[in-house]
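Read through the structure below, which is laid out as structure tokens, and then see the notes.
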Amino acid sequence: MTNYWRSILQTAVIGTERQPLALQPDTDALGKLLAQLDGDKPEELLLGAAAAVSLYESAGKLPKAETSPIGELSKSETLKRCSPRAAQHLATMLRGRHAELLAEWFESVVMRGWRAPEEFLPLLLQVGNDRRELREVILPALGERGLWLAAQNPDWHYAVKVEDENVWDTGNRQQRQAFFAQLRKRDPQRARDLLQSVWPQEGPKERADFLAAMVAGLSLEDEPFLETALDDRRKEVRKTAADLLAQLPQSKLCRRMLDRAQTLLGFKRNLSGRDQLEITLPEACDKSMLRDGIEPKPFFHGLGEKAWWLQQMLAAIPPRSWQDLSDWTARELIAAATHSEWKDVLLEAWSQSARRYDDAEWAEALLEELYRQGQAVYLMRALPEAKQEAFVMRLLAENPSLHSTQPSRNYLAVCRHRWSEPLSRAVVNSLLHHVETDGFKVDWWWTGFLNEIGLRLKVELLPETTRLLEASQPPFERAPTLERFLDFIQFRYELLKEINT
Amino acid sequence: MNWTSEQILGLAPDASSAKAGQGLAAARHWQTLGCDERAVWGLCQGSGKNPYQTQIDLSEPGFKCSCPSRKFPCKHALGLFLLLASHRQSFTEKTAPDWVSEWLVSRAKRAEQKSEKQQAREKPVDETAQAKRAAAREAKVAAGIQELELWLRDLIRNGLAAAQTQSPQFWERMAARLVDAQAPGLARLVRELGGAAHSGEGWQTRLLERAGKLHLLLAAYKRIDELPEENQADVRALIGWTVNQEDLLAQSEAQPGARDKWLVIGQRIEQEERLRVQRNWLWGENSNHIALILHFAHGQQPLDASLVVGTAFEAELVFFPGTISFRALIKERQAAIAHFDFWPGMERVKDAFENYSAAIAKMPWLEIFPLPLTGVIPVLRNGVWSLRDDESCALPIHPRFEHGWELLALSGGRPITVFGEWDGNFLWPLSVLAEERLVRM
Numbered sequence: 001m002t003n004y005w006r007s008i009l010q011t012a013v014i015g016t017e018r019q020p021l022a023l024q025p026d027t028d029a030l031g032k033l034l035a036q037l038d039g040d041k042p043e044e045l046l047l048g049a050a051a052a053v054s055l056y057e058s059a060g061k062l063p064k065a066e067t068s069p070i071g072e073l074s075k076s077e078t079l080k081r082c083s084p085r086a087a088q089h090l091a092t093m094l095r096g097r098h099a100e101l102l103a104e105w106f107e108s109v110v111m112r113g114w115r116a117p118e119e120f121l122p123l124l125l126q127v128g129n130d131r132r133e134l135r136e137v138i139l140p141a142l143g144e145r146g147l148w149l150a151a152q153n154p155d156w157h158y159a160v161k162v163e164d165e166n167v168w169d170t171g172n173r174q175q176r177q178a179f180f181a182q183l184r185k186r187d188p189q190r191a192r193d194l195l196q197s198v199w200p201q202e203g204p205k206e207r208a209d210f211l212a213a214m215v216a217g218l219s220l221e222d223e224p225f226l227e228t229a230l231d232d233r234r235k236e237v238r239k240t241a242a243d244l245l246a247q248l249p250q251s252k253l254c255r256r257m258l259d260r261a262q263t264l265l266g267f268k269r270n271l272s273g274r275d276q277l278e279i280t281l282p283e284a285c286d287k288s289m290l291r292d293g294i295e296p297k298p299f300f301h302g303l304g305e306k307a308w309w310l311q312q313m314l315a316a317i318p319p320r321s322w323q324d325l326s327d328w329t330a331r332e333l334i335a336a337a338t339h340s341e342w343k344d345v346l347l348e349a350w351s352q353s354a355r356r357y358d359d360a361e362w363a364e365a366l367l368e369e370l371y372r373q374g375q376a377v378y379l380m381r382a383l384p385e386a387k388q389e390a391f392v393m394r395l396l397a398e399n400p401s402l403h404s405t406q407p408s409r410n411y412l413a414v415c416r417h418r419w420s421e422p423l424s425r426a427v428v429n430s431l432l433h434h435v436e437t438d439g440f441k442v443d444w445w446w447t448g449f450l451n452e453i454g455l456r457l458k459v460e461l462l463p464e465t466t467r468l469l470e471a472s473q474p475p476f477e478r479a480p481t482l483e484r485f486l487d488f489i490q491f492r493y494e495l496l497k498e499i500n501t
Numbered sequence: 001m002n003w004t005s006e007q008i009l010g011l012a013p014d015a016s017s018a019k020a021g022q023g024l025a026a027a028r029h030w031q032t033l034g035c036d037e038r039a040v041w042g043l044c045q046g047s048g049k050n051p052y053q054t055q056i057d058l059s060e061p062g063f064k065c066s067c068p069s070r071k072f073p074c075k076h077a078l079g080l081f082l083l084l085a086s087h088r089q090s091f092t093e094k095t096a097p098d099w100v101s102e103w104l105v106s107r108a109k110r111a112e113q114k115s116e117k118q119q120a121r122e123k124p125v126d127e128t129a130q131a132k133r134a135a136a137r138e139a140k141v142a143a144g145i146q147e148l149e150l151w152l153r154d155l156i157r158n159g160l161a162a163a164q165t166q167s168p169q170f171w172e173r174m175a176a177r178l179v180d181a182q183a184p185g186l187a188r189l190v191r192e193l194g195g196a197a198h199s200g201e202g203w204q205t206r207l208l209e210r211a212g213k214l215h216l217l218l219a220a221y222k223r224i225d226e227l228p229e230e231n232q233a234d235v236r237a238l239i240g241w242t243v244n245q246e247d248l249l250a251q252s253e254a255q256p257g258a259r260d261k262w263l264v265i266g267q268r269i270e271q272e273e274r275l276r277v278q279r280n281w282l283w284g285e286n287s288n289h290i291a292l293i294l295h296f297a298h299g300q301q302p303l304d305a306s307l308v309v310g311t312a313f314e315a316e317l318v319f320f321p322g323t324i325s326f327r328a329l330i331k332e333r334q335a336a337i338a339h340f341d342f343w344p345g346m347e348r349v350k351d352a353f354e355n356y357s358a359a360i361a362k363m364p365w366l367e368i369f370p371l372p373l374t375g376v377i378p379v380l381r382n383g384v385w386s387l388r389d390d391e392s393c394a395l396p397i398h399p400r401f402e403h404g405w406e407l408l409a410l411s412g413g414r415p416i417t418v419f420g421e422w423d424g425n426f427l428w429p430l431s432v433l434a435e436e437r438l439v440r441m
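Chains as they are written, first to last, in the working numbering: chain A, 1 to 501; chain Y, 1 to 441.
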């Protein structure tokens, strides 16, 4: 800014009426120009001088020198940039259309050795920030450039591998949590050692959060530490420790639970050859039980305290233990339980423990018993994919309907992997059944569910599925829901074809 | 040339058309899909008995559909176009059916009629009547200018601080008077004064700069007859006289326009009240000239879609008169080609500043200056983005530009080529060339 401009501006702000502009032009070029302005009209003098000086300054403006160092360059990529059409599919989903397929896009692209184009990186890092569930699939598709970029924006630090243990000592709560969770995956022992070294100084909330993160890489080596946490002042910490120990079938906690419970269950074969379970309820909930995470008061009405204690004990014991103790099979034990006075308590507790210990044999046997009541859907999670599929296919063979009143619908919904050809065909067959019966006319029954199906059907079957469904009904009779489903699977098919061919 | 889905969706008149168009972009919605060198067509079953006939003239592109929708292009045309972009193989090459070829012929005829009309205009019109109308407008404008001079003088006499406390009507009233006086250009400049007065910290400088330039414009108009012809054109355009486009094209019959291979290097769309303005920047491969093609759309109307960033075409352009005249009309063009191996750019920020200085020396009211730069690195310092050349000279990026991180992602810390609009203070990046790929911002 020249001195000219300062005095012109000052005068202009207060107005020439109060104080006319006093210009004292120099003898330089600008001064000579200003000297030619007519000084008799104060306003015109000011405006003319303002125009001349501001233009003089704009025209003479020079770029600023900026010498702060430029950071490191991003490393060269090992993955190739995805094809332009794959990028278009990505853009379509990011605009919100068929966004359910984002995860599959990232997985497939990385499998192919591709990555997302650079101009998408800021948006994708933001999506990863907002939607935790997508982080794991997004990150590998960002390439070296994505990691390089993330390191420069504090909002995206979740994407950067925290190698530096200094964060543990100096970082804020979130940074330390993220560091601990990552380290626990990489080196569980080191993570535990670090946590133990600062354990007494951490606040109760931090202790509970760090402990919960120990679920990754959990092993018997963690037991001594977790045992001490059972004596923590804070209930939340004790509870988390007990939950973790109850996931280790060899743990002392499981052993203690079994010691308490084994005298309560008696196995008798009566004269007619029928198995009988004799149940004795625990008398009291002592301190050691409380220490092992037993809740003294029932969460639900209708369940007595003693039955509630028994249920919690059994839920923490690997179901296989009862086979060893009784010499009966899982099916025999379950059959005996159904004749017991405490049937509901036993089946509920065993269902929980079958799920907790991922015991497929028990889960299957319990499903058999419980599926008609529709409350056993979560047992499916303890089954391997092939068994899940076999179970659902059996239901669909009995009745192809996927109506919301059918148990098959809920069981199919928990098959969250990509389906094999036989299950896919069975489901397509069900869809054709519905075209003929209700025609998908009630929108809200179907909209979300059809998308779930579209996500999981075997890709190779999609063109055939489209053909079959289209042939089953003239276009003008087709329900909008089904139309949207056809669009969805078409898009999925094209998206994957672009990546995989 | 190959259209991308993004480009096609950019043609949609609104979001619901775009969505419906995407829904129709599957071969199963269409019968008898066909194409030839110039057009594509197909039949789409709608709610009516007969399927709709949808067709696209690819040379421009132009759209036609027999559906009753008043949107343009309609969802069927968008769907057909999107399908072409994603599934070329669904279209079989064949001779166009009558309903397509007839339309193409009628389009060609219309274009011919247009040029005939232009020729017809060369016939002498009633010159006395025209001169009378022109003189009446000059008088009106002169009266408006006189009023504006008084108003501006009062503004300075009372001081900018007093003006800033005025209600919005203070500026709007003067602007409306100038619209009535048939000087819409001046009206816009007065509205901008009002905008500057409420532009936050540093408003005094911005307001005074604009007031000074407005004063300079009025002074120039007073002695317009003494100015060279090109400067006269600048001043008249700023005050609000428009150049009749047909006259401009007709004049160019006598002297040919600028023939070149033109590359579309940037595009920006801005909303001005109910009007959308699309600025297309073109670069001539041989002439090294930059041209600006403006398109306008009111309300829901779609914007022109014939210029696609990153494509080039042979064309004859006619420039508007003026000292620094970027603005041009396309007189005649060939089909677009996607392949190009030239891209403009200055390597030094200093050169860019020098060019800008030379331009405002000729045309002090210049508002937007096209700036192609090559070999610059995006840098973020203290929350401010800039582009830095290898002499460590920095060009600041506009604070409202939201895609600084995208620039950085494309660069990876390495030099890139950027084209943008420079307003004397800040650059607004419009396109980036990095690793041989052009990306629109």
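Here a beta-carbon is modelled for each residue, glycine too, at the ideal position from N, C-alpha and C.
Close-in-space but distant-in-sequence residues of the same chain around residue i (CB under 7 Å, 5 per side omitted)
| i | result |
| --- | --- |
| Glu361/A | Ala330 |
| Gly143/A | Glu77, Leu79 and Arg115 |
| Pro298/A | Glu305 and Trp308 |
| Asp38/A | Glu44 and Leu45 |
| Glu348/A | Gln311 |
Distance cut-off 6 Å: residue i Cβ against heavy atoms of the ligand NAP
| i | result |
| --- | --- |
| Asp36/Y | Although the ligand NAP was asked about, the structure shown includes no ligands whatsoever. |
Burial state of residue i, where buried means 16 or more other Cβ atoms lie within 10 Å
| i | result |
| --- | --- |
| Met174/Y | buried |
| Asn425/Y | exposed |
| Leu226/A | buried |
| Thr170/A | exposed |
| Phe391/A | buried |
| Lys75/Y | buried |
| Asn280/Y | buried |
Cβ-Cβ separation, residue j to residue i (assumed contact under 8 Å), whole Å
| i | j | result |
| --- | --- | --- |
| Asp209/A | Gln177/A | 6 Å |
| Leu258/A | Glu223/A | The pair is not a contact, with the Cβ atoms about 16 Å apart (cut-off 8 Å). |
| Ala161/Y | Ser86/Y | Not confirmed; about 60 Å, so no contact. |
Cβ-based neighbour list, residue i, same chain, cut-off 6 Å, excluding 5 preceding and 5 following
| i | result |
| --- | --- |
| Ala183/Y | Val141, Gly144, Ile239 and Gly240 |
| Asp358/A | Ala382 |
| Ala312/Y | Lys261, Leu263, Ile337 and Phe340 |
Interface residues of chain A facing residue i [CB-CB closer than 8 Å]
| i | result |
| --- | --- |
| Asn158/Y | Gly15 and Glu17 |
| Ser66/Y | None at all; the shortest Cβ gap to chain A is about 18 Å. |
| Ile474/Y | Residue 474/Y cannot be examined here, being either before or after the span of chain Y that is shown, 1 to 441. |
| Pro364/Y | Ala51 and Leu55 |
Check whether residue i and residue j have beta carbons under 7 Å apart
| i | j | result |
| --- | --- | --- |
| Ser505/A | Glu389/A | Here chain A has residues from 1 to 501 only, and residue 505/A is not among them. |
| Phe72/Y | Pro302/Y | yes |
| Met535/A | Arg356/A | Only positions 1 to 501 of chain A appear in the structure, and residue 535/A is not among them; the question remains open. |
| Ala50/A | Leu249/Y | no |
| His89/A | Leu457/A | no |
| Leu482/A | Glu100/A | no |
| Arg184/A | Gly217/A | yes |
| Ile293/Y | Trp283/Y | no |
Interface residues of chain Y facing residue i [CB-CB closer than 7 Å]
| i | result |
| --- | --- |
| Glu470/A | Arg28 |
| Ala242/A | Per Cβ cutoff of 7 Å: no residues; Ala242/A is ~46 Å from chain Y at best. |
| Ser68/A | Arg381 |
Neighbouring residues, chain A, relative to residue i (Cβ below 9 Å)
| i | result |
| --- | --- |
| Glu147/Y | Chain A residues near Glu147/Y: none, gap ~15 Å exceeds 9 Å. |
Interface partners of residue i on chain A, CB under 7 Å
| i | result |
| --- | --- |
| Gln45/Y | Pro475 |
| Glu421/Y | By Cβ distance, chain A contributes nothing, its closest Cβ being about 16 Å from Glu421/Y, past 7 Å. |
Partner residues on chain Y for residue i, Cβ-Cβ distance less than 8 Å
| i | result |
| --- | --- |
| Leu34/A | Here the premise fails: no neighbours, minimum Cβ distance about 12 Å. |
Neighbourhood of residue i by C-beta, 8 Å cutoff - its chain only, sequence neighbours within 5 removed
| i | result |
| --- | --- |
| Phe109/A | Correcting the residue type first, residue 109/A is Val in the shown sequence and not Phe. Contacts found: Cys82, Ala86, Arg115, Ala116, Ala141 and Ile499. |
| Arg502/Y | Lying outside 1 to 441, the shown extent of chain Y, residue 502/Y is not represented and no answer is given. |
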